[in-house]
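The sequence shown lines up with residues 876 to 1185 when you count with the working numbering. Here is the structure we will look at, set down as structure tokens.
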Amino acid sequence: MRSILRDPVAWRNAVFIAVISASSVFAQTEPGAALVQPAPKPTASPSASPTPTPTRTPTPSLEQNFFKNILRDQRAIWTSPFALRGQDAKWLAPTGLTTALLIATDRRSASEIDDSRHRLSRGFSEAGTLYTTGGFAATLYVIGRKTGNQRLRETGLLGAEAIINGQIVATSLKAMTQRMRPRESNNRVRFFAGGDSFPSGHAVSVWSLATVIAYQYEHRPLIKYGAYSVAIAVSISRFTGRKHFLSDVLVGSAIGYGIGRYVYRTHRRKNAAVQDSEASAPEPSRLLPSITPHYYPRARAYGLTLTWRL
């Protein structure tokens, strides 16, 4: 342990990568408040004649703005480090320091993994692949669109947007750091060696989607904490399966959470009538009736209405 912490090369790489990863994480924590300045309110002239009321133009749907939003997201993500404020240090400093410490101790922590758990971990970690997370987001969108569930439809769209944004950021960081995976480097910390280990792309994908789902269904603890639990399990399995170092998983999870949070806060339809399918009245069935109870206090009478769909 002491030899690792005294290695100047390891610490130099750790500090350099920590700065990059911490900046990328904080690029998504707030939806670019410093990027857009509010327009000044026009002052009304006392002698000005009343202007005709402009006609309202329909707001473009999330589908129509999908690719435009991704471009806006990328601009906000990569330029937001230049808009960091002093209060961001309370998150930036611990994140950078933790990342540097994990990188400096990655070789030791990776060597402690039991080989008997590799197969199970690798199988479970496949839940974080781009095909799985993207397919799940697409399924949510299709079901929501077919059933008229606007919340589910929006969750699928925002989840897909967050996944794409996360993969762009992860791929860029992988190309910049070029860290070798534990198996390729025999658990040695090797950056700029042609690898693609830092950060974990699976962790970025699963946390991007899970965060959108958790925020969309924040009023439902089972869905919220269930989504986070799956994201945690997939992230840990990438480490226990020796696919990534512990720092790869931590930074990937943080980036995915930050991007999912940013996409939700920036692009969700705040004024839309988003409701769960359970909130709307179910359509009567041909086999089983819809039962509606009735109570009349004055007459002290009770009753039921049975409704079938013909």
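For glycine and all other residues, C-beta sits at the position ideal for the given N, C-alpha and C. As the structure is a prediction and not an experimental result, all values here were calculated from the model.
| Check | Outcome |
| --- | --- |
| When we look at the beta-carbon of N1061 and count the other beta-carbons within 10 Å, is it buried (16 or more) or exposed? | exposed |
| On the DSSP letters alone, give me the boundaries of the alpha helix (DSSP H) that T1004 sits inside. | Where T1004 is concerned, there is no enclosing alpha helix (DSSP H), given that its DSSP letter is neither H nor E. |
| Touch check for the segment 998-1010 and the segment 1043-1056: three-plus C-beta pairs under 8 angstroms? | no |
| Would you mind reading off the limits of the alpha helix (DSSP H) that contains E1029? | Q1025 to T1052 |
| Rounding to the nearest angstrom, what Cα-Cα distance links I1111 and V1124 in this structure? | 7 angstroms |
| Given that a residue counts as buried once 16 or more other Cβ atoms are within 10 Å of its Cβ, and exposed if not, what is G1069? | exposed |
| Closer than 6 angstroms by C-beta to R1143: which residues in its own chain qualify, once you throw out the five before and the five after it? Chain order, please. | none |
| Which value, in whole angstroms, describes the spacing of the CA atoms of K943 and E1029? | 16 angstroms |
| Measuring straight from C-alpha to C-alpha, what distance separates P1074 and S1122? | 8 angstroms |
| Taking Cβ positions, are G1034 and V1109 nearer each other than 8 angstroms? | no |
| Spatial neighbours of T1004 within its chain, please: CB distance less than 8 angstroms, with the 5 preceding and 5 following residues excluded, ordered by chain position. | H1077 and S1080 |
| Skipping 5 residues on each side, what residues in its chain have a beta carbon closer than 6 angstroms to that of Q1020? | Note that residue 1020 is Arg in the sequence shown, not Gln. Correct list, in chain order: R1028. |
| Taking the alpha helix (DSSP H) that L977 falls in, what are its first and last residues? | A964 to A979 |
| Near F1114, what residues of its chain come up, given a Cβ to Cβ distance below 6 angstroms and the 5 sequence neighbours on each side ignored? | L1121 and V1124 |
| Using CA atoms only, rank isn't needed, just tell me which of Y1092, K965, K1099 and R982 is closest to E1059. | R982 |
| Can you give me the start and stop residues for the alpha helix (DSSP H) that A1108 sits inside? | P1096 to T1115 |
| Quick check on DSSP: helix, strand or coil for G1069? | coil |
| Give the straight-line distance between the Cα atoms of W864 and E987, rounded to the nearest whole angstrom. | This structure cannot speak to residue 864, because the chain is shown only from 876 to 1185. |
| Along the chain, where does the alpha helix (DSSP H) containing D989 start, and where does it finish? | Per DSSP, D989 belongs to no alpha helix (DSSP H) and is neither H nor E. |
| Are G1041 and I1130 touching if we call contact CB-CB under 8 angstroms? | yes |
| I believe L1032 touches L946 by the beta-carbon criterion, under 8 angstroms. Please report the beta-carbon distance rounded to the nearest angstrom. | Not quite, the Cβ-Cβ distance comes to about 16 angstroms (not below 8 angstroms), so this is no contact. |
| Could you tell me the boundaries of the alpha helix (DSSP H) in which R1058 lies? | P1057 to S1060 |
| Hey, could you find the ends of the alpha helix (DSSP H) S1122 is sitting in? | L1121 to H1142 |
| Just to confirm, are M1055 and S1083 a CB contact at a threshold of 8 angstroms? | no |
| Classify D989: buried if its beta carbon has 16 or more other beta carbons within 10 angstroms, exposed otherwise. | exposed |
| Tell me where the alpha helix (DSSP H) around K943 begins and ends. | F941 to T954 |
| Which of helix, strand or coil does DSSP assign to L910? | Any reading at L910 needs caution, since the residue's pLDDT is 40, under 50, leaving its predicted position unreliable; the model's value is listed next. The answer is coil: DSSP assigns L910 none of H, G, I, E or B. |
| Excluding five sequence neighbours on each side, which residues of the same chain lie with their C-beta closer than 6 angstroms to the C-beta of A1156? | Confidence at A1156 is low in this model, with a pLDDT of 41, below 50, so its placement is unreliable and the value that follows should be read with caution. If we look at A1156 and ignore the five residues flanking it on each side, it has no Cβ neighbours. |
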